[in-house]
Amino acid sequence: MGEVYLDHVATTPVLPEVLEAMLPYFKDAYGNVQSLHSWGDKAREAVEEARGKVADLIGGVAEEIIFTASGTESNNFAVKGLAMAHQARGKHIVVSAIEHFSVLHSAKTLEKWGFELSEVPVDKYGLVDPKDVARSLRKDTILVSIMHANSEVGTIEPIKEIARVVKQSGAIFHTDAVASAGSIPINVKGLGVDALSLAANQFYGPKGVGALWLKKGVRIIPFLDGGVQEEGRRAGTENVPAIAGLGKAAELAKAEMGARAKRFSALRDKLIAGLPSRIEHVLVTGHPTKRLPGNASFCVEFIEGEAMLMLLNSQGIAVSSGSACTSRALKASHVLIAMGIPHEIAQGSLLFSFGLDNTGEDVDYVLETMPPIVDRLRQMSPLYAKFLKDKSRGGK
Amino acid sequence: MGEVYLDHVATTPVLPEVLEAMLPYFKDAYGNVQSLHSWGDKAREAVEEARGKVADLIGGVAEEIIFTASGTESNNFAVKGLAMAHQARGKHIVVSAIEHFSVLHSAKTLEKWGFELSEVPVDKYGLVDPKDVARSLRKDTILVSIMHANSEVGTIEPIKEIARVVKQSGAIFHTDAVASAGSIPINVKGLGVDALSLAANQFYGPKGVGALWLKKGVRIIPFLDGGVQEEGRRAGTENVPAIAGLGKAAELAKAEMGARAKRFSALRDKLIAGLPSRIEHVLVTGHPTKRLPGNASFCVEFIEGEAMLMLLNSQGIAVSSGSACTSRALKASHVLIAMGIPHEIAQGSLLFSFGLDNTGEDVDYVLETMPPIVDRLRQMSPLYAKFLKDKSRGGK
Amino acid sequence: MPVYNEKVMEHFMNPRNVGEIENADGIGEVGNPVCGDMMSFYIKVDNNRISDVKYKTFGCGAAIAVSSMVSEMAKGKTLEEAKKITPALVAKELEGLPKNKYHCSNLGAQALNKAIDNYLKKQGKTAKSQKGGKK
Amino acid sequence: MPVYNEKVMEHFMNPRNVGEIENADGIGEVGNPVCGDMMSFYIKVDNNRISDVKYKTFGCGAAIAVSSMVSEMAKGKTLEEAKKITPALVAKELEGLPKNKYHCSNLGAQALNKAIDNYLKKQGKTAKSQKGGKK
Ligand SMILES: Cc1ncc(COP(=O)(O)O)c(C=O)c1O
Ligand SMILES: Cc1ncc(COP(=O)(O)O)c(C=O)c1O
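Residue numbers (the numbering used here), protein chains in the order written: chain L, 1 to 396; chain F, 397 to 792; chain G, 793 to 927; chain E, 928 to 1062.
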């Protein structure tokens, strides 16, 4: 039985070099960044060095980086903080239908606070059409938040084109790049965005640290009230080791991005080609070419994702699913539904995401392991029985 | 030249055992808690084990612990989340005048959102009088937040007595125990509070992780919107290594609390007795007996804290100060001012906080190092010159 | 800390009585794939006793384990006894289910119940139905 | 990464010209301990030139370093030259100050200026004052 982790979208391991970069700040240089003595000096140095590296990763300037504790916090901060700071100009905000819940639910909270929310649809590949964004814009639109890439289906959005449209309206444009930063090249200037979220644990950095890049001069209301950390924009003792880890991970990601992407996309393409050829009634979800290098996502018809996931796990393969049963809320992935995939098919969602430890053999192992699992579950599926009888798809 | 860290109030180092407990979750058991495969299983196990240990530290139940990324986040979550959840019953909240900014500024934000805020005063020792709390309570008071102990002057508040008063009114009672949890015994049931904040880096756990204990049945609105982590109460990928570290730190703190407190308070008492006997015009701030074991805080008259701090640092001694110059906001500590200490004396604030590595020799070193530093700065102080001339204290 | 306990896992990995019964005496279908779970239960009745039970299930690990457990619990019971299989009993036999999977135990008991009702209906034993005796 | 650069630290650790001048020709006091910084500058003027300068400072590292730097910059300068010592020039000579410490360089230049004005006032050279010649 193999031990094959194919769930890098959930989180990546921390690279040895990254952990190495963190270790000094736990026991020796453990000072508080705000302290005015030499322990503080060392902590400050680590944080400022990391700030530069994170800025480098995305083509920004160090002072534009605000460290946070997660992608979720970056998104809450951006969506709520920007909306609150600019509400004098209007109270309308726009998001896409496939945003991560940290954006979507932040926007819903703003709705409760009196803001108006528009959701831009996506096509069957999960792509946002800049024209739809243009149509959604109003005079009182102050904020648009559309993700750079979707982690569930891997689709990369045309942010540059969307930014052009948004900029014409004068609204602020935030993009959630948690799924893409560190994996594909990003240049905030080139993209034309005003704010961008990222998280370390998506590219071999530690959990518990993220960043919000905020263009110089763009006003924001702090999300965490308290001390004067991060130039008064984000209170709370700076998480020095984690920030140092994020910095190192950003540096490595930048240096190795091309090589990593090449490897990951070869594995991805092999699986995307192989799975539907070995198993009938398998749908590839997401865009055929505009997709994250490591992301291979599918819907397997007539069976449910969690059951597949558990049987794969029993064979040592770790993946994730967007099925209703794998979500605590017991709802099928809003991403797949927004893409027009019927509920019963969305239930068969399965997401393989590749990382540095994976090899072609892992793909072979998956290709070998999957068919009997699918078979077994289909044998017990009332939907499959129906399909065999009358070629009907879907529920009763 | 010594290397004497006496700034444990700013942050403590991570104990070797704590780091040991964290390490497996960076590179090997690096899974996401939400993942339904064995990587997720291991992460879940670590987090649930830590949850139990943190609950144990404060006499709570595991399910009542919500992990956060800092004391600041716990306080923002508690103050904003509880006020928002209970605003149908009223919009009045009460805090003390010496709360940490993460409570105070959260309350000010609520004021902007239409809540009314009352600040309860403190006496010259920094003590809140339960009678003052009683007087501040109104029919529409929904939330009272008063800290368990103040980190700047070490004073421990009569939370049990205050809780009794608050409970009679039906308001919810939150206490910020960031400065005290892990240092002195806490039993949430005995205290009678509804919510309590703590942070790992105050008791030899890592930075970047804290917790909010929330009594079963008390409603709260999530602060971080997004995924369903922490039973839907706090979104964002769980910071597994940091949480494991918090758990271990809590376990050690509970086991060693008595021994640690004994050692720290001996050092504290030695310094509190020694400094004013060697240097004229030195004031001990905070309560003489109701104070945190490791906290020795002073005001040195006629000179300013940052300058002292820098000269101490040049002798290898790390401390902190509540002077205006050491604060980014350039305001003297609101804590000292609330205690009735004149601004010019508050500027001479100096805070020594003891930890596990400190010894009696460190105190001797401080007692030896301080007098020439104070002398030197007083020699250049126009205030001291004035005082020598006409015994006047204070500014022009 | 796995989401499911060992008993649930054992039933999920080795589900009992999977399948359909041709010419079943009673069939019960519940759920639908939109909400993620769907179960079809088939029973054979002899002498007022469930002599055989099979099912097909579309759903999560819990749904499959619950189906398997319900089938085991039902087999050999009289119809009256089988009707007393409640979701709580199913969950108890499985030694507990995660909170958000309770609804699966509801579905299992419900599907069995429906199959019994379906049988009774065909037998013309329900008050309303006069169509009995088709069998 | 220390808060202050080496130059500032050097002046803080070894401040030049600390003290008072008895019977100073001009005295300038600025700031007050409430806001955290207070400086008293004393000058001796010979032939329209600052022949000696001393100060006492209550305040942070920057305030002390700024006082020291201002005193060095002023010494030997004519009053007109000395009046041209701006906060920006002081900060520049110190090779930069943290943003939140800019006000210290203001204070330093201001205190010197006040001392010069005080001297001029005593000399009766200011337009308004007729009280000159006390010296
Ligand atoms: C696109 C996107 N945004 C935001 C997040 C939230 O990140 P976290 O859970 O680490 O806070 C994720 C997490 O996977 C994500 O994929
Ligand atoms: C009493 C108190 N509350 C809250 C905090 C905030 O903690 P953090 O900065 O770690 O978020 C502190 C920090 O020292 C504190 O002393």
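Positions of the beta carbon are idealized from the N, C-alpha and C atoms, including for glycine.
Short check: CB of serine 745 of chain F to CB of leucine 732 of chain F, under 7 Å? Counting from one through the second sequence, the residue named residue 745 of chain F turns up at place 349. Counting from one through the second sequence, the residue named residue 732 of chain F turns up at place 336. For serine 745 of chain F and leucine 732 of chain F, yes; Cβs fall inside 7 Å.
On the DSSP letters alone, give me the boundaries of the beta strand (DSSP E) that phenylalanine 463 of chain F sits inside. As a first step, residue 463 of chain F is located in the second sequence; it is residue number 67 there, counting from the start. It spans 461 to 464 - the beta strand (DSSP E) in which phenylalanine 463 of chain F sits, taken as one unbroken run.
In terms of DSSP beta bridges, what is isoleucine 733 of chain F paired with? Sequence index remark: in the second sequence, residue 733 of chain F carries index 337 (1-based). Isoleucine 733 of chain F pairs with nothing; no bridge assigned.
Segment contact flag, the region 851 to 865 of chain G with the region 888 to 899 of chain G, C-beta cutoff 8 Å, min 3 pairs: yes
Using a Cβ-Cβ distance cut-off of 7 Å, determine whether leucine 432 of chain F contacts chain G. Position 36 of the second sequence, counted from the first residue, corresponds to residue 432 of chain F. When Cβ-Cβ separations below 7 Å define contact, leucine 432 of chain F makes contact with chain G.
CB-CB length for threonine 468 of chain F against leucine 224 of chain L, believed under 8 Å: Translated into the one-based positions of the second sequence, residue 468 of chain F becomes position 72. Translated into the one-based positions of the first sequence, residue 224 of chain L becomes position 224. The Cβ separation is near 6 Å, so the contact holds.
For a contact defined as C-beta to C-beta under 8 Å, what are the partners of proline 158 of chain L on chain F? As a first step, residue 158 of chain L must be located in the first sequence, where it is residue number 158. Those within 8 Å of proline 158 of chain L in chain F number zero; the least Cβ separation is about 25 Å.
Which of the three DSSP states, helix, strand or coil, is assigned to alanine 1042 of chain E? Indexing the fourth sequence from 1 puts residue 1042 of chain E at position 115. Alanine 1042 of chain E falls in the helix class under three-state DSSP.
Check the Cβ-Cβ distances between valine 800 of chain G and every residue of chain L, and say whether any is below 7 Å. Against the third sequence, residue 800 of chain G aligns to sequence position 8. So no, valine 800 of chain G is outside the interface.
According to DSSP, residues forming a beta bridge with asparagine 824 of chain G: Your numbering for residue 824 of chain G matches position 32 in the third sequence. Paired residue(s): G:Asp829.
Beta carbon of histidine 105 of chain L: closer than 6 Å to some heavy atom of ligand 1? Along the first sequence, one-based indexing puts residue 105 of chain L at 105. No - ligand 1 has no heavy atom lying nearer than 6 Å to the Cβ of histidine 105 of chain L.
Taking 7 Å as the CB-CB cut-off, is valine 795 of chain G touching chain A? Absence of chain A from the displayed structure is noted, the protein chains being L, F, G and E.
Any non-hydrogen atom of ligand 1 closer than 6 Å to alanine 451 of chain F Cβ: Taking the second sequence and counting its residues from 1, one reaches residue 451 of chain F at position 55. The answer is no for alanine 451 of chain F.
Hey, could you find the ends of the alpha helix (DSSP H) valine 658 of chain F is sitting in? Numbered from 1 along the second sequence, position 262 holds the residue referred to as residue 658 of chain F. The sequence given here has lysine at residue 658 of chain F, not valine. Run containing lysine 658 of chain F: 636 to 674, per the alpha helix (DSSP H) assignment.
Exposed or buried, threonine 551 of chain F, counting other C-beta atoms within 10 Å across all chains shown (16 or more means buried)? Indexing the second sequence from 1 puts residue 551 of chain F at position 155. Buried: at least 16 other Cβ atoms inside 10 Å.
Start and end residues, alpha helix (DSSP H) containing tryptophan 113 of chain L: The sequence position of residue 113 of chain L within the first sequence is 113, counting from 1. Looking at the DSSP string, tryptophan 113 of chain L is not in any alpha helix (DSSP H), and its letter there is neither H nor E.
For isoleucine 1012 of chain E, three-class secondary structure by DSSP: Here residue 1012 of chain E refers to the residue found at position 85 when the fourth sequence is read from its first residue. Residue state, collapsed to three classes: coil.
Coarse secondary structure for valine 54 of chain L, derived from DSSP in three states: Here residue 54 of chain L refers to the residue found at position 54 of the first sequence. It is helical.
From the DSSP output, read off the bridge partner residues of glycine 953 of chain E. Here residue 953 of chain E corresponds to residue number 26 of the fourth sequence, with the count starting at 1. The partner list for glycine 953 of chain E (beta bridge, DSSP) reads E:Ile970.
Looking at the structure shown, is lysine 846 of chain G part of a helix, part of a strand, or coil, going by DSSP? Taking the third sequence and counting its residues from 1, the one referred to as residue 846 of chain G is at position 54. Correct three-state label for lysine 846 of chain G: strand.
List the whole-angstrom C-beta distance separating alanine 816 of chain G from lysine 836 of chain G, where the pair is believed to meet the contact cut-off of C-beta under 8 Å. For the purposes of this step, residue 816 of chain G is taken as the residue at position 24 of the third sequence. For the purposes of this step, residue 836 of chain G is taken as the residue at position 44 of the third sequence. Between lysine 836 of chain G and alanine 816 of chain G the Cβ distance is about 6 Å, and since that is below 8 Å, they are a contact.
Between the alpha carbons of serine 118 of chain L and leucine 143 of chain L, how many angstroms are there, rounded? Taking the first residue of the first sequence as position 1, residue 118 of chain L is located at position 118. Taking the first residue of the first sequence as position 1, residue 143 of chain L is located at position 143. Distance between serine 118 of chain L and leucine 143 of chain L, taken at the CA atoms: about 11 Å.
What separation, rounded to the nearest whole angstrom, lies between the Cα atoms of glycine 606 of chain F and proline 412 of chain F? Sequence index remark: in the second sequence, residue 606 of chain F carries index 210 (1-based). Sequence index remark: in the second sequence, residue 412 of chain F carries index 16 (1-based). The alpha-carbon atoms of glycine 606 of chain F and proline 412 of chain F are separated by roughly 19 Å.
Does the beta-carbon of aspartate 225 of chain L, which I'm using as the reference point, lie nearer than 6 Å to any heavy atom of ligand 2? Against the first sequence, residue 225 of chain L aligns to sequence position 225. It does not: the Cβ of aspartate 225 of chain L is nowhere closer than 6 Å to a heavy atom of ligand 2.
Grouping DSSP H, G and I as helix and E and B as strand, with all else coil, what is lysine 975 of chain E? For the purposes of this step, residue 975 of chain E is taken as residue 48 along the fourth sequence, with counting starting at 1. In the sequence as displayed, the identity of residue 975 of chain E is asparagine instead of lysine. Correct three-state label for asparagine 975 of chain E: coil.
Judging by CA-CA distance, which residue of F:Asp753, F:Glu740, F:Leu667 and F:Gln625 is the nearest neighbour of glutamate 459 of chain F? In the second sequence, residue 459 of chain F corresponds to position 63, counting from 1. When each option's Cα is compared against that of glutamate 459 of chain F, the closest is F:Gln625.
Taking aspartate 41 of chain L as the query, report the chain E residues whose CB atoms sit under 7 Å from its CB, ordered along the chain. The sequence position of residue 41 of chain L within the first sequence is 41, counting from 1. Within 7 Å Cβ-Cβ: Met928 and Pro929.
State whether the region 449 to 465 of chain F contacts the region 596 to 610 of chain F, with contact taken as three or more CB pairs (one from each stretch) at a distance under 8 Å. The answer is yes - the region 596 to 610 of chain F touches the region 449 to 465 of chain F, with three or more Cβ pairs under 8 Å.
Expressed to the nearest angstrom, what Euclidean distance is found between the alpha-carbon atoms of glycine 818 of chain G and asparagine 910 of chain G? Numbered from its first residue, the third sequence carries residue 818 of chain G at position 26. Numbered from its first residue, the third sequence carries residue 910 of chain G at position 118. One C-alpha to the other measures close to 5 Å.
With 7 Å as the threshold, decide whether the Cβ of arginine 44 of chain L is near any Cβ in chain E. Here the question's residue 44 of chain L lines up with position 44 in the first sequence. At least one chain E Cβ lies under 7 Å of arginine 44 of chain L.
Looking only at DSSP bridge pairs, what is asparagine 691 of chain F linked to? As a position in the second sequence, residue 691 of chain F is number 295, starting the count at 1. Beta-bridge pairing links asparagine 691 of chain F to F:Ser749.
What's the C-alpha gap between glutamine 711 of chain F and proline 767 of chain F? Taking the second sequence and counting its residues from 1, one reaches residue 711 of chain F at position 315. Taking the second sequence and counting its residues from 1, one reaches residue 767 of chain F at position 371. Answer to the nearest angstrom: the Cα atoms are 13 Å apart.
Residues near lysine 869 of chain G by beta carbon distance below 6 Å, same chain, minus five either side: The residue labelled residue 869 of chain G in the question sits at position 77 within the third sequence. Ile842.
With 7 Å set as the bound, which would you pick, yes or no: does the beta-carbon of glutamate 460 of chain F sit closer than that to a beta-carbon of chain G? Translated into the one-based positions of the second sequence, residue 460 of chain F becomes position 64. For glutamate 460 of chain F, the answer is no, since every Cβ of chain G falls outside 7 Å of its Cβ.
Report all residues from its chain with a CB closer than 8 Å to the CB of glutamine 1057 of chain E; omit the five preceding and five following residues, and keep chain order. Taking the first residue of the fourth sequence as position 1, residue 1057 of chain E is located at position 130. With a pLDDT of 43 at glutamine 1057 of chain E, under the threshold of 50, the modelled position of this residue cannot be trusted, and the question is left open.
Straight-line Cα distance separating glutamate 802 of chain G from proline 618 of chain F: In the second sequence, residue 618 of chain F corresponds to position 222, counting from 1. In the third sequence, residue 802 of chain G corresponds to position 10, counting from 1. So the two alpha carbons sit approximately 37 Å from each other.
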